Structures are given as C-alpha cells and as structure tokens.
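Enquirer:
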Amino acid sequence: MKDFYANYFPIGVAITPRHLQDSATSAFIVRHFNSLTAENVMKMEPIHPEENRYNWGGADAIVQFATENGLKVRGHTLCWHNQAPKWMFYDANGKLVSKDVLLDRLRKHIYDVVGRYKGKIYAWDVVNEAISDQPGEFLRNSLWYQICGEDFIAAAFRYAHEADPDAVLFYNDYGTEFPGKRDKVYRLLKTLLDANVPVHAVGLQGHWSINDPTKELLVAAIEKYASLGIKMQVTELDVSVYTNNNMPEQRSFTAEQDQLQQQQYAMLFETFRKYRDKITGITFWNVSDRFSWLDNFPVRGRKNYPLLFDANLQPKKSFWKVIDF
C-alpha cells in the first residue's frame, strides 16, 4: 500500500512488540507500511510505571525493527490523562503534588523518553486529548489540568523541543472534524502558536465510522487547521462498521457494512490526496481485522471490522478503493 502513496505521504500502522515476533506479520508490515507507531508501549504508564523505573524493552524493539527495515517512527504519546501512572500526580503520603513538582516530573519523563530515541523517532504526539468533550468547557478536567491549569500543555511542547529540536511535535485528538471540538482544538493551537510554543502539527486521530465524518466536515476541518500554517496527519485511522453502542444480532461483517465502508474509505483517501500539501502522513490504528481496539470499545466483545485487511491479512474491498486512483 505504501508504494501507491509514495508520492503523497507515508502510510503507517500502530503495532505492538508481539507483531514483530511473528515472521509473517512482520513481513506483511514491511511490505505495506513505511511508518510505525507503538500502540501502547511508549505511553507513560507502560514505559514509566514507577518514578525511578522504565520499561524500555517493547519500545526499543519497535524502534530497532523500524531502523533495520528503513521505516519511520512516530512517538505516541508523552502527556495524556489516560494511561498515566498514579505516582506522577501523588506524593508519598497520597496527596496531590504541587504544580512545580508535577511539571518537573513531566520534564524528566519527556527528557528521558525523547532523549533516548533522539534521531530515531521523527515525530511525537506530545499532548494527547487535552480538549474537553463537554459543551462550554474548554480543557478536559484531568489531573494535569487540576494541578497545573493549562500551563502543562505549553510546558510539554517546550520540554519535547528541548529534548529533540529536530522532532516534529503534534497535538493529537479525536473528534477533530466536528465543529464543537474542531473550534476548541483550533483555539488551543492558535493560543500556543501565538505564544511561540513549538507545536508543529495537529494529529487528527481518525477514529471514524461508515457514517462520519462527511466529506464536508472533513474538508472544513483540514482547511481550518491549515489556515494556522501548520501541517497535519491522520494518526489513528480506522472506520468502524457500527454507528451505535448496541450489540448487533448479526455478528459477521455484512454486505451492507462492506459497501458503506468502501464508500467511506474511498472518500477519505480522495480527500487526503487532494490535500497532500497539508497532510504529511496517514497511520492506521492496528494491522488488520484480526484485532482492533474497537473489538472492545465502546462495546466490549463486539467484533469490529474497521481496517483494510481481514483477519487473514488479505485485502478487503475497501483496500482496492484506497489504491484505485
């Protein structure tokens, strides 16, 4: 797949170290993709579970595999309210730490992680999902926000830039195409840019469905973010075959879902190609329908079929739509 888009942008995929232990899967990854993201092992809690202990093994394995096979690597993610270790926010007595202590811990974490992979990871999702989903609320009421106010966001970007001045630094979020969230993301980015904070790009996660977003919403979002003079990537792409949170009576991938998914993927990639001067990468969130995080979210045990390859690593009809141009 990467070869069809060689003149457009890298085509990436989120993986786990386990993918690399299977020769058929690892060969499949190298064949179709030229960029990797660690699905979980670079997130704060997995890689830094205790203040003075790091788990480097999984992240090291992915970076080494990428280096050996000439693949780019996106780092994911340095500061997030989810999968953040409890020790980051609390002192030895179980009390919330001060703003200064938390920012110092964040700085050390970012220096250690970004510094270890300096020159090997070309881009980082620095701050992830800081915008609130609640109408009338700007930033998510996370522990980061409760302790630091909005200052943690700019601080994270500055720390990452200090740790690797050459890395491309992203703000990454979901729902970035829908006007309520879109306008708040735009506001955050503009505020950071106006303050000369080194934020270089925005990541549109792209956890979409066979119905959403519409082409109109996607185009409007791309053009709004591009007006800031920054680039963007689709960082976590999948297209759910469901449009609700119900358990379906029929558990298989239906012909209707297949058709709608083909149409959606065709529209998405037609739009991506049109904005090739603004979009610098597309990353799929998981390798194939053999496993997706959507199998257990938002409905646990509801098998989903959101990717371009089936459980046997064979291209689905949507794959052919994506490369037919």
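214 is the number that numbering that gives the first Met the number 0 gives to position 215 of the sequence shown; each next residue is one higher, with no gaps.
Note that beta-carbon positions come from the ideal geometry of N, C-alpha and C, so glycine has one too.
Computed from a prediction, not measured in an experiment: that's the story for all the values here.
Can you tell me the Cα-Cα spacing of residue 214 and residue 193, whole angstroms?
Expert: Here residue 214 refers to the residue found at position 215 when the sequence shown is read from its first residue. Here residue 193 refers to the residue found at position 194 when the sequence shown is read from its first residue. When rounded, the distance between both Cα atoms is 30 angstroms.
Enquirer: So if DSSP puts residue 127 in a beta bridge, which residue, or which two residues, is it bridged to?
Expert: For this step, residue 127 is matched to residue 128 along the sequence shown. Beta-bridge pairing links residue 127 to 79 and 171.
Enquirer: Might you give, ordered along the chain, the residues of its own chain that have their beta carbon closer than 7 angstroms to the beta carbon of residue 197, omitting 5 neighbours on each side?
Expert: Mapped onto the sequence shown, residue 197 falls at position 198. Once the five neighbours on either side are set aside, the close Cβ partners of residue 197 are 156, 157, 160 and 168.
Enquirer: For residue 289 and residue 96, what's the separation of their Cα atoms in angstroms?
Expert: Counted from its first residue, the sequence shown places residue 289 at position 290. Counted from its first residue, the sequence shown places residue 96 at position 97. Rounded to the nearest angstrom, the two C-alpha atoms are 42 angstroms apart.
Enquirer: Nearest CA to the CA of residue 164: which residue from 132, 135 and 120?
Expert: Position 165 of the sequence shown, counting from 1, holds the residue named residue 164. For the residues 132, 135 and 120, the minimum Cα distance to residue 164 belongs to 120.
Enquirer: If you draw a straight line from the alpha carbon of residue 270 to that of residue 237, how long is it in whole angstroms?
Expert: Against the sequence shown, residue 270 aligns to sequence position 271. Against the sequence shown, residue 237 aligns to sequence position 238. Between residue 270 and residue 237, the C-alpha separation is close to 16 angstroms.
Enquirer: From residue 323 to residue 268, what distance separates their C-alpha atoms?
Expert: Position 324 of the sequence shown, counted from the first residue, corresponds to residue 323. Position 269 of the sequence shown, counted from the first residue, corresponds to residue 268. Roughly 10 angstroms separates the two Cα atoms.
Enquirer: Under three-state DSSP, which class holds residue 177?
Expert: By one-based count along the sequence shown, residue 177 stands at place 178. Here residue 177 sits in coil by DSSP.
Enquirer: Using DSSP bridges, identify the partner residues of residue 201.
Expert: As a position in the sequence shown, residue 201 is number 202, starting the count at 1. 170 and 231.
Enquirer: Tell me the DSSP secondary structure of residue 207 in three-state form.
Expert: Taking the first residue of the sequence shown as position 1, residue 207 is located at position 208. Correct three-state label for residue 207: strand.
Enquirer: In this structure, does DSSP put residue 98 in helix, strand or coil?
Expert: Within the sequence shown, numbered from 1, the residue matching residue 98 stands at position 99. It is helical.
Enquirer: Starting from the C-beta of residue 173, find all residues in its chain whose C-beta is less than 6 angstroms away, skip the five residues before and the five after it, and write them out in chain order.
Expert: As a position in the sequence shown, residue 173 is number 174, starting the count at 1. Taken in chain order, the residues that qualify are 204 and 206.
Enquirer: Let me check understanding here. Comparing Cα to Cα, which of 124, 47 and 100 lies closest to residue 36?
Expert: In the sequence shown, the residue the question calls residue 36 occupies position 37. When each option's Cα is compared against that of residue 36, the closest is 124.
Enquirer: From the DSSP output, which residues share a beta bridge with residue 52?
Expert: Stepping through the sequence shown from its first residue, residue 52 is reached at position 53. Beta-bridge pairing links residue 52 to 49.
Enquirer: Check whether the stretch 177-187 touches the stretch 125-139, counting contact only when three or more Cβ pairs, one atom from each stretch, lie closer than 8 angstroms.
Expert: With a cut-off of 8 angstroms, the stretch 125-139 and the stretch 177-187 count as touching, because enough Cβ pairs lie within range.
Enquirer: For residue 34, count neighbouring Cβ atoms within 10 angstroms of its own Cβ and tell me buried if that reaches 16, exposed if not.
Expert: As a working note, residue 34 is residue 35 in the sequence shown. Buried, since its Cβ has 16 or more Cβ neighbours within 10 Å.
Enquirer: Can you list, in chain order, the residues of its chain whose CB lies under 7 angstroms from that of residue 277, leaving out five sequence neighbours each side?
Expert: In the sequence shown, the residue the question calls residue 277 occupies position 278. Cβ within range, chain order: 221, 225, 230 and 231.
Enquirer: Have a look at residue 50 and residue 142 and give me their C-alpha separation to the nearest angstrom.
Expert: Translated into positions along the sequence shown, residue 50 becomes position 51. Translated into positions along the sequence shown, residue 142 becomes position 143. The straight-line gap from Cα to Cα measures roughly 17 angstroms.
Enquirer: Curious, which full-length beta strand (DSSP E) runs of at least 3 residues does the stretch 257-303 contain?
Expert: For the stretch 257-303, whole beta strand (DSSP E) runs of length 3 or above, ordered along the chain, are 278-283.
Enquirer: Please list the terminal residues of the continuous alpha helix (DSSP H) segment that includes residue 12.
Expert: As a first step, residue 12 must be located in the sequence shown, where it is residue number 13. It is not in any alpha helix (DSSP H) - residue 12 instead sits in the beta strand (DSSP E) that spans 10-14.
Enquirer: Mapping DSSP to helix, strand and coil, what is residue 91?
Expert: Mapped onto the sequence shown, residue 91 falls at position 92. Coil at residue 91, not helix or strand.
Enquirer: Taking buried to mean at least 16 other C-beta atoms within 10 Å of its own C-beta, is residue 76 buried or exposed?
Expert: The sequence position of residue 76 within the sequence shown is 77, counting from 1. Classification of residue 76: buried, given that the 10 Å Cβ count is 16 or more.
Enquirer: Roughly how many angstroms lie between the CA atoms of residue 88 and residue 47, to the nearest whole one?
Expert: What you label residue 88 is simply residue 89 of the sequence shown in a count that begins at 1. What you label residue 47 is simply residue 48 of the sequence shown in a count that begins at 1. Computed Cα separation, rounded: 13 angstroms.
Enquirer: Counting pairs of Cβ atoms below 8 angstroms between the stretch 0-18 and the stretch 78-94, do you hit three or more?
Expert: Judged by Cβ distances under 8 angstroms, the stretch 0-18 makes no contact with the stretch 78-94, as fewer than three pairs qualify.
Enquirer: Based on the DSSP secondary-structure assignment, which residues constitute the bridge partners of residue 326?
Expert: The structure shown does not extend to residue 326, since the chain spans only 0 to 324, so no value can be given for it.
Enquirer: Looking at residue 223: is its Cβ nearer than 8 angstroms to the Cβ of residue 181?
Expert: If you number the sequence shown from 1, residue 223 lands on position 224. If you number the sequence shown from 1, residue 181 lands on position 182. For residue 223 and residue 181, yes; Cβs fall inside 8 angstroms.
Enquirer: May I ask you to report which of helix, strand or coil DSSP gives residue 59?
Expert: Within the sequence shown, residue 59 is the residue found at index 60, counting from 1. If DSSP states are grouped into helix, strand and coil, residue 59 belongs with the helices.
Enquirer: Quick check: the stretch 16-35 against the stretch 63-77, are at least 3 beta-carbon pairs closer than 8 angstroms?
Expert: The answer is yes - the stretch 16-35 touches the stretch 63-77, with three or more Cβ pairs under 8 angstroms.
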